[in-house]
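Everything on this sheet refers to the single structure shown next.
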Amino acid sequence: MNLKKTRSVPIFRSKSSPNQKARLLLPALAIGNILIWGLAYFVFCHKPALLGMAALAYSLGLRHALDADHLAAIDNATRAAFSQNKSLPSLGLFFSLGHSTVVIIACCLIVIANKTVWHLFQHYSPILSLIGSFVSISFLLFMAIVNGLNWLKQKKGIPTHHHHSSPPLTRLVTPLILLVRQSWHMYPVGFLFGLGFDTATEVGILSLSAAEAVRGIAAWQILILPLLFTIAMAFVDTADGILVLGLYKQRLTDNCQKRDYSRIISLLSVSMAFVIAFIQIHEMAHEYFPQIIAMPEIFENFYSHLNIGLCFTAIMIFVWAYFILRGRPFSTQ
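Just so you know, the numbering used here puts 623 at position 213 of the sequence shown, and the rest follows in order with no gaps.
If you want it as structure tokens, here you go:
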């Protein structure tokens, strides 16, 4: 009796591809937005003042997700991971979750301990703000150096993942790429960014005001406000991460276009990180040495009224569109 050997076929796949994750992330977050807003309406429908505060908390999340340091951190971390052949569409999600954790913890403490914790926050706010700024500047500079060296490799025609013939500086900063080996590595980065407590303070004030405005409201109901903030920021930061990953993954069929496109996009990413880090350094130095550190008023007005991160992202999209409109065939991998 002859028995034929058959190869077993696994019923379940252990891992989904990055493209599948990217397609599922935004719809899942959109459903999360709808569910949390549904909960907010169910709880606050008879309290118009709280519905207004819920809308304000949500708008704070949307606005904060578009902060220049958020966009620069997500874009450069995505670029650094992509240079190591890693496609991580959920980097922005984990960054926003880490940042939101600080906000949720702060709001929980404020709601539970009320004004006692609020006074402590006010007392230690300068120290926490300094820590948050230092982390933000350091991370942006590290990512700018890593991506800048990758850009130089591209100019010389060296594969970005090739380290054996790299100069000493490249080998020195290569361990920094370990910061973004996996998507969840951005969670602690986002948490440390959040220690600046700027947004945590805003949402905390909102939660405290809500508790004062409506006496007798349950603490868990007040915590819907930071949840709205979280889901709003998570949606926008995730969308940004997926967008820039799509820009980096663009594959043009023409070799010259492919080379030029990759160099321009990489240079824009590096420039964004350096510019935003420089602005943060200037702001921090000016706060402690206002008489020594100064910048012409025209420059201060320029970057205070303009979102530098959004501008760089818009330029990246423009570059992508330009290469498409040149009329050459292209394909997306």
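Every residue gets a Cβ at the ideal spot worked out from N, C-alpha and C, and that includes glycine.
Open item on the list: On the DSSP letters alone, give me the boundaries of the alpha helix (DSSP H) that P458 sits inside.
Closed with: DSSP places P458 inside the alpha helix (DSSP H), whose first and last residues are 458 to 475.
TODO: Using three-state DSSP, classify Q660 as helix, strand or coil.
DONE: strand
Open item on the list: With the cut-off set at 8 Å, would you say S539 and F603 are in Cβ contact?
Closed with: no
Open item on the list: Distance check for A464 and A450, CA to CA, integer angstroms please.
Closed with: 7 Å
Task: Cβ pair count under 8 Å reaching 3, the stretch 453 to 469 against the stretch 547 to 561 - done: Using a C-beta cut-off of 8 Å, the stretch 453 to 469 makes no contact with the stretch 547 to 561, since fewer than three inter-stretch Cβ pairs fall below that distance.
TODO: Tell me the start and end of each unbroken alpha helix (DSSP H) in the stretch 626 to 653 that is at least 4 residues and wholly inside, in chain order.
DONE: 629 to 632
TODO: Grab me the residues of D479's own chain with a C-beta within less than 8 Å of its C-beta, minus the 5 sequence neighbours each way, in chain order.
DONE: S546, L550, F603, I686, Q690, G719
Open item on the list: Could you check whether A482 and A683 sit closer than 8 Å to each other, using their CB atoms as the reference points?
Closed with: yes
Task: Assigned secondary structure, K496 (DSSP; H/G/I helix, E/B strand, else coil) - done: coil
Task: Collapsed DSSP secondary structure at V583 in the structure displayed - done: Bear in mind that the predicted position of V583 carries a pLDDT of just 46, short of 50, making it too unreliable to give a figure here.
Open item on the list: Taking the straight line between their C-alpha atoms, what separation do you get for S575 and Y534?
Closed with: At S575, the pLDDT of 45 sits below 50, so the modelled position is not reliable and the matter cannot be decided from this model.
- [ ] Assign Y698 to buried or exposed, taking buried as 16 or more other Cβ atoms, counted over all protein chains shown, within 10 Å of its Cβ.
- [x] exposed
Task: Span of the alpha helix (DSSP H), counted from its first residue to its last, around F603 - done: Here the alpha helix (DSSP H) through F603 covers 596 to 603.
Open item on the list: Assuming the contact rule is C-beta atoms closer than 8 Å, L638 and I446 should be a hit. Round their C-beta distance to whole Å, please.
Closed with: Between I446 and L638 the Cβ distance is about 6 Å, and since that is below 8 Å, they are a contact.
Task: Pairwise C-alpha distance: S506 and A438 - done: 15 Å
Open item on the list: Quick check on DSSP: helix, strand or coil for F699?
Closed with: DSSP places F699 outside both helix and strand once states are collapsed to three, so it counts as coil.
Open item on the list: Taking 8 Å as the threshold (C-beta atoms), are G448 and G651 in contact?
Closed with: no
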